[in-house]
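Right, one structure below, let's go through it.
There are 2 protein chains.
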Amino acid sequence: MEDFFVLVDKDLKKLELAIDKLITTKISFIKEIVSYIIKSGGKRVRPVLVTLSSKLCGYKGEKHIPFAAIIEFIHTATLLHDDVVDNAKTRRGFSTVNTVWGNEPSVLVGDFLYSKSFELMSQEGNPEILKTISRATTSLSEGEILEIIKTADIKTTEEEYFEVIGNKTAVLFSAACEIGAILGKVTTTQRNALKNFGYKLGIAFQLRDDILDYTSYDEVLGKRVGTDLKEKKVTLPLIHALQSASEKETSIVAKILKKQIISQKDFDRVSKFIETHDGIIYTSSATKKYLQDAKKHLNIFPSSRYKEGLLSLADYMLKREK
Amino acid sequence: MEDFFVLVDKDLKKLELAIDKLITTKISFIKEIVSYIIKSGGKRVRPVLVTLSSKLCGYKGEKHIPFAAIIEFIHTATLLHDDVVDNAKTRRGFSTVNTVWGNEPSVLVGDFLYSKSFELMSQEGNPEILKTISRATTSLSEGEILEIIKTADIKTTEEEYFEVIGNKTAVLFSAACEIGAILGKVTTTQRNALKNFGYKLGIAFQLRDDILDYTSYDEVLGKRVGTDLKEKKVTLPLIHALQSASEKETSIVAKILKKQIISQKDFDRVSKFIETHDGIIYTSSATKKYLQDAKKHLNIFPSSRYKEGLLSLADYMLKREK
Numbered sequence: 295m296e297d298f299f300v301l302v303d304k305d306l307k308k309l310e311l312a313i314d315k316l317i318t319t320k321i322s323f324i325k326e327i328v329s330y331i332i333k334s335g336g337k338r339v340r341p342v343l344v345t346l347s348s349k350l351c352g353y354k355g356e357k358h359i360p361f362a363a364i365i366e367f368i369h370t371a372t373l374l375h376d377d378v379v380d381n382a383k384t385r386r387g388f389s390t391v392n393t394v395w396g397n398e399p400s401v402l403v404g405d406f407l408y409s410k411s412f413e414l415m416s417q418e419g420n421p422e423i424l425k426t427i428s429r430a431t432t433s434l435s436e437g438e439i440l441e442i443i444k445t446a447d448i449k450t451t452e453e454e455y456f457e458v459i460g461n462k463t464a465v466l467f468s469a470a471c472e473i474g475a476i477l478g479k480v481t482t483t484q485r486n487a488l489k490n491f492g493y494k495l496g497i498a499f500q501l502r503d504d505i506l507d508y509t510s511y512d513e514v515l516g517k518r519v520g521t522d523l524k525e526k527k528v529t530l531p532l533i534h535a536l537q538s539a540s541e542k543e544t545s546i547v548a549k550i551l552k553k554q555i556i557s558q559k560d561f562d563r564v565s566k567f568i569e570t571h572d573g574i575i576y577t578s579s580a581t582k583k584y585l586q587d588a589k590k591h592l593n594i595f596p597s598s599r600y601k602e603g604l605l606s607l608a609d610y611m612l613k614r615e616k
Numbered sequence: 295m296e297d298f299f300v301l302v303d304k305d306l307k308k309l310e311l312a313i314d315k316l317i318t319t320k321i322s323f324i325k326e327i328v329s330y331i332i333k334s335g336g337k338r339v340r341p342v343l344v345t346l347s348s349k350l351c352g353y354k355g356e357k358h359i360p361f362a363a364i365i366e367f368i369h370t371a372t373l374l375h376d377d378v379v380d381n382a383k384t385r386r387g388f389s390t391v392n393t394v395w396g397n398e399p400s401v402l403v404g405d406f407l408y409s410k411s412f413e414l415m416s417q418e419g420n421p422e423i424l425k426t427i428s429r430a431t432t433s434l435s436e437g438e439i440l441e442i443i444k445t446a447d448i449k450t451t452e453e454e455y456f457e458v459i460g461n462k463t464a465v466l467f468s469a470a471c472e473i474g475a476i477l478g479k480v481t482t483t484q485r486n487a488l489k490n491f492g493y494k495l496g497i498a499f500q501l502r503d504d505i506l507d508y509t510s511y512d513e514v515l516g517k518r519v520g521t522d523l524k525e526k527k528v529t530l531p532l533i534h535a536l537q538s539a540s541e542k543e544t545s546i547v548a549k550i551l552k553k554q555i556i557s558q559k560d561f562d563r564v565s566k567f568i569e570t571h572d573g574i575i576y577t578s579s580a581t582k583k584y585l586q587d588a589k590k591h592l593n594i595f596p597s598s599r600y601k602e603g604l605l606s607l608a609d610y611m612l613k614r615e616k
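Those sequence lines, one after another, are chains L and A. First residue of the first sequence? That's 295 in my numbering, and the numbers climb one at a time after it. First residue of the second sequence? That's 295 in my numbering, and the numbers climb one at a time after it.
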């Protein structure tokens, strides 16, 4: 287990209990679906960020637990809706909710998790955190919508790509860190530092995701490799490769993205094309750059094991295999 | 135009401006979809309730406008998700968003509207209203989930039916009225009275909806008559008819509900069956009863044109044709 996981081990155990306790509903079907997806073993990266950030900021209470749970609920709601939008079959090595129960419960239980999160927040009575999370949730949906607008668009620029992943992924990482800062009642400078750390970490997390989708193996990843291409998502490895591609290569990729169904052979061809044009190397070095930048934001905090924890979490982003 | 609409005419004009102003996003595609569905002419019943209730409670400010807009956004988000869940083709005489742009934008713009609503509420800084709306939104999703659990179930009881419509419809009506009470800072007794008025009005609204789905015409309704049966929703007219049905009749209905696609002929057959067993008459008298009960809750308020407005809104529920 990674260092930072050991550091928050007790908190993560409390988190699991809180997740069970906070999902109150008379409808057992909802509980069944929520526990199916929440218990299917996410990495709990966002709750870890809430916890480490709050402790870095000297917070001694227990409120980081419900807020960590809420952040995980919102993340889970987006997964449920994503899987409907993408028509995904597997996630984390399990069949998706939409595959097992259909699209309807996937959409509606996602809605339940969103509403429940806001209901819980309204009971917590922390307006600053509420504002932070609700802004992040709006960005999240904007990012997802931008992503579908850019689907199959080989003219997608790096700037547009970073806008998509900034909204759909980085903003929630940023909010998770900011919650810690709000709980710890630190200065605005420290709060902004954590916010920026989270944002850049989130970008790096997504870059790594987009690399793994070309380079990993189904069994390791817990879902099909090549999913992004099959869903016609134009991610950085491909964007970079297209920048130095010949006209002929570009037209081949364009043709593949126009197909109804993208085959394994198509994927292999695009993978090879990305390799030739250093798409993975380029994305890896972008990941490194974002992580270095992210870590610098923590310089203003004094040394502590929680700071070490956040730094090692950043390093983990670069090497994680799933 | 109905009396109560005249009474809130100026407020509804402000509402339309607020709707445009509050949907801030850089993504023009979101604006396009939101204005397509919001401007397609809903009845604005929930905003009218917020407005009349707040004025009944002596509220003189302007905050009822953003909250009325928020309630309408949440309602619109549920419509977007409903249409995906039900695979609906038309609503309010227009093609549904999922038909024009596909399921993805329908799910994601619904999410955007939910998040935006909570973001706006977090900025308004009224924790009581936030709690009321977030609880209602959770109930709403629970109601929708209960409804899909009960799909095609001819054993659905009246009690279960009322639980579904209570959650999916009445709770938001109730919240709309409660917002008015909170803004007007009335006594707990008055607040509860408005809450109960809204709840019963919402039940009556849904009962009328479920009647019209059997008795109206496509052109009047703005969507296909018989949609509920085609979506295998077992509503009160059918539940009541089944209570006094012969074994043979029950088995015919059961067979129809098991079909992949329910035809016009099937619908005519079930309609006839409901007529024979007074399903519509029974549901109409239930509607009347709920409206009478609803109106009684307003007895504790002194006479005013806003009270008259709410009472005439209740009467409108009984006779509305769309």
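Heads up, the beta-carbon is just placed ideally off N, CA and C, and yes, glycines get one too. These numbers come from a predicted model, not from an experiment.
1) Using a Cβ-Cβ distance cut-off of 8 angstroms, determine whether A:ASP405 contacts chain L.
2) Return the chain-ordered list of same chain residues with a C-beta closer than 6 angstroms to the C-beta of L:VAL342, the five sequence neighbours on each side being excluded.
3) May I ask which residues mark the beginning and end of the alpha helix (DSSP H) holding L:ASP504?
4) My guess is that L:THR372 and L:LEU434 are in contact by the Cβ rule of under 8 angstroms, so how many angstroms apart are they, rounded?
5) Which class does L:PHE388 belong to by DSSP, given the choice of helix, strand or coil?
6) So, for L:ALA487: in the same chain, excluding its five sequence neighbours on each side, which residues have a beta-carbon less than 6 angstroms away from its beta-carbon?
7) Tell me, please, whether the segment 472 to 481 of chain A touches the segment 433 to 449 of chain L by the rule of three or more beta-carbon pairs shorter than 8 angstroms.
8) Would you kindly work out how many angstroms separate the C-alpha atoms of A:GLY496 and A:TYR455, rounded to a whole number?
9) Under 8 angstroms, Cβ to Cβ, is there at least one residue of chain A near L:GLN417?
10) Let's see if you can read the secondary structure: which residues bound the alpha helix (DSSP H) around A:SER606?
11) I want to verify the contact list: residues of chain A whose CB lies under 7 angstroms from the CB of L:THR319, in sequence order.
12) Helix, strand or coil, according to DSSP, for A:ALA539 in the structure here?
13) Does the separation of the CB atoms of A:SER597 and A:ASP297 fall below 8 angstroms?
14) Classify L:SER400: buried if its beta carbon has 16 or more other beta carbons within 10 angstroms, exposed otherwise.
15) In chain A, what lies closer than 8 angstroms to L:VAL379 by C-beta?
16) Can you find a CB in chain A that lies within less than 8 angstroms of the CB of L:THR431?
17) For A:THR426, does the count of other Cβ atoms within 10 angstroms reach 16, so buried, or fall short, so exposed?
18) I'd like to know whether the C-beta of L:LYS410 is nearer than 8 angstroms to at least one C-beta of chain A.
19) Short of 8 angstroms in beta carbon distance, which residues of its chain neighbour L:ARG485, apart from the five on each side in sequence? Order them along the chain.
20) Can you tell me the Cα-Cα spacing of L:THR451 and L:ILE533, whole angstroms?
21) Using the three-state DSSP reduction, which class does A:PRO531 fall into: helix, strand or coil?
22) Let's see if you can read the secondary structure: which residues bound the alpha helix (DSSP H) around A:HIS591?
23) Which one of A:PRO360, A:SER411, A:LEU501 and A:VAL528 has the shortest CA to CA distance from A:ALA580?
24) Is there a Cβ from chain L that is less than 8 angstroms from the Cβ of A:LEU440?
25) In whole angstroms, what is the alpha-carbon distance linking L:GLY603 and L:LYS489?
26) Taking 7 angstroms as the cut-off, is the CB of A:ASP504 close to at least one heavy atom of the ligand FAD?
27) Measure the CB-CB distance between L:VAL465 and L:ALA430 and report whether it falls below 8 angstroms.
28) Just the chain A side, please: which residues come within less than 7 angstroms of L:PRO421 by C-beta, in chain order?
29) With a threshold of 8 angstroms between beta-carbons, can L:PHE367 be considered close to chain A, or not?
30) Could you work out which residues of chain A lie near L:LYS462, taking near to mean beta carbons separated by less than 7 angstroms?
31) Evaluate A:ASP405 with the Cβ neighbour count: other Cβ atoms within 10 Å of its Cβ, from every protein chain shown; 16 or more gives buried, anything less gives exposed.
32) Relative to the C-alpha of L:LYS524, which candidate in L:ILE546, L:PHE412, L:LYS553 and L:ASP305 has its C-alpha closest?
33) With a threshold of 8 angstroms, are at least 3 pairs of Cβ atoms found where one atom belongs to the segment 411 to 427 of chain A and the other to the segment 380 to 390 of chain A?
34) Do A:ARG340 and A:HIS369 count as a contact pair if the criterion is CB distance below 8 angstroms?
35) Would you verify that the beta carbon of L:LYS552 is, or is not, closer than 8 angstroms to some beta carbon of chain A?
On the basis of the data shown:
1) What you label residue 405 of chain A is simply residue 111 of the second sequence in a count that begins at 1. For A:ASP405, the answer is yes, since a Cβ of chain L falls inside 8 angstroms of its Cβ.
2) What you label residue 342 of chain L is simply residue 48 of the first sequence in a count that begins at 1. Result list for L:VAL342: VAL302, in chain order.
3) Translated into positions along the first sequence, residue 504 of chain L becomes position 210. Per DSSP, L:ASP504 belongs to the alpha helix (DSSP H) from 482 to 509.
4) As a first step, residue 372 of chain L must be located in the first sequence, where it is residue number 78. As a first step, residue 434 of chain L must be located in the first sequence, where it is residue number 140. With a beta-carbon spacing of about 6 angstroms, L:THR372 and L:LEU434 fall inside the 8 angstroms limit used to define contacts.
5) Locating residue 388 of chain L in the first sequence gives position 94, where the first residue counts as 1. L:PHE388: strand per DSSP, three-state reduction.
6) In the first sequence, the residue the question calls residue 487 of chain L occupies position 193. Hits under 6 angstroms: HIS591 and ILE594.
7) no
8) Residue numbering aside, residue 496 of chain A sits at position 202 when the second sequence is read from its first letter. Residue numbering aside, residue 455 of chain A sits at position 161 when the second sequence is read from its first letter. Taking the straight line from one Cα to the other gives about 14 angstroms.
9) Looking up residue 417 of chain L in the first sequence gives position 123. Judged by the 8 angstroms Cβ criterion, L:GLN417 is in contact with chain A.
10) Here residue 606 of chain A refers to the residue found at position 312 when the second sequence is read from its first residue. 599 to 613 is the span of the alpha helix (DSSP H), which, as asked, contains A:SER606.
11) Here residue 319 of chain L refers to the residue found at position 25 of the first sequence. Within chain A, the residues near L:THR319 are GLU436.
12) One-based indexing of the second sequence puts residue 539 of chain A at position 245. Coil, per DSSP.
13) Numbered from its first residue, the second sequence carries residue 597 of chain A at position 303. Numbered from its first residue, the second sequence carries residue 297 of chain A at position 3. The answer is no: Cβ separation not under 8 angstroms.
14) As a first step, residue 400 of chain L is located in the first sequence; it is residue number 106 there, counting from the start. Buried is the call here.
15) For the purposes of this step, residue 379 of chain L is taken as residue 85 along the first sequence, with counting starting at 1. Within 8 angstroms Cβ-Cβ: ASN397, GLU398, VAL401 and LEU402.
16) Position 137 of the first sequence, counted from the start, is the residue given in the question as residue 431 of chain L. For L:THR431, the answer is yes, since a Cβ of chain A falls inside 8 angstroms of its Cβ.
17) Residue mapping note: residue 426 of chain A aligns to position 132 of the second sequence, counting from 1. Answer is buried; the Cβ neighbour count reaches 16.
18) Translated into the one-based positions of the first sequence, residue 410 of chain L becomes position 116. Chain A contact via Cβ: present.
19) Numbered from its first residue, the first sequence carries residue 485 of chain L at position 191. Correct list, in chain order: GLU472, ALA475 and ILE476.
20) Residue mapping note: residue 451 of chain L aligns to position 157 of the first sequence, counting from 1. Residue mapping note: residue 533 of chain L aligns to position 239 of the first sequence, counting from 1. Straight-line Cα distance between these residues: approximately 7 angstroms.
21) As a working mapping, residue 531 of chain A is identified with position 237 in the second sequence. Of the three classes helix, strand and coil, the one that applies to A:PRO531 here is helix, per DSSP.
22) Working through the second sequence from its first residue, we reach residue 591 of chain A at position 297. For A:HIS591, no alpha helix (DSSP H) run applies, since DSSP gives it neither H nor E.
23) Numbered from 1 along the second sequence, position 286 holds the residue referred to as residue 580 of chain A. A check of alpha carbon separations from A:ALA580 across A:PRO360, A:SER411, A:LEU501 and A:VAL528 identifies A:LEU501 as the nearest.
24) Counting from 1 along the second sequence, the entry for residue 440 of chain A is found at position 146. For A:LEU440, the answer is yes, since a Cβ of chain L falls inside 8 angstroms of its Cβ.
25) As a working note, residue 603 of chain L is residue 309 in the first sequence. As a working note, residue 489 of chain L is residue 195 in the first sequence. Spanning the two alpha carbons is a distance of roughly 16 angstroms.
26) Annotation note on the ligand FAD: not contained in the displayed structure, which lists no ligands.
27) Sequence index remark: in the first sequence, residue 465 of chain L carries index 171 (1-based). Sequence index remark: in the first sequence, residue 430 of chain L carries index 136 (1-based). Cβ distance < 8 angstroms, so L:VAL465 and L:ALA430 count as in contact.
28) Numbered from 1 along the first sequence, position 127 holds the residue referred to as residue 421 of chain L. Within 7 angstroms Cβ-Cβ: SER416 and GLY419.
29) Along the first sequence, one-based indexing puts residue 367 of chain L at 73. It does not; no Cβ of chain A falls within 8 angstroms.
30) For this step, residue 462 of chain L is matched to residue 168 along the first sequence. Per Cβ cutoff of 7 angstroms: no residues; L:LYS462 is ~10 angstroms from chain A at best.
31) The count along the second sequence starts at 1 and reaches residue 405 of chain A at position 111. The residue in question, A:ASP405, is buried, as its Cβ has 16 or more Cβ neighbours within 10 Å.
32) As a position in the first sequence, residue 524 of chain L is number 230, starting the count at 1. It is L:LYS553.
33) no
34) In the second sequence, residue 369 of chain A corresponds to position 75, counting from 1. In the second sequence, residue 340 of chain A corresponds to position 46, counting from 1. Taking 8 angstroms as the Cβ cut-off, A:HIS369 and A:ARG340 qualify as a contacting pair.
35) Within the first sequence, the letter at position 258 stands for residue 552 of chain L. Chain A contact via Cβ: absent.
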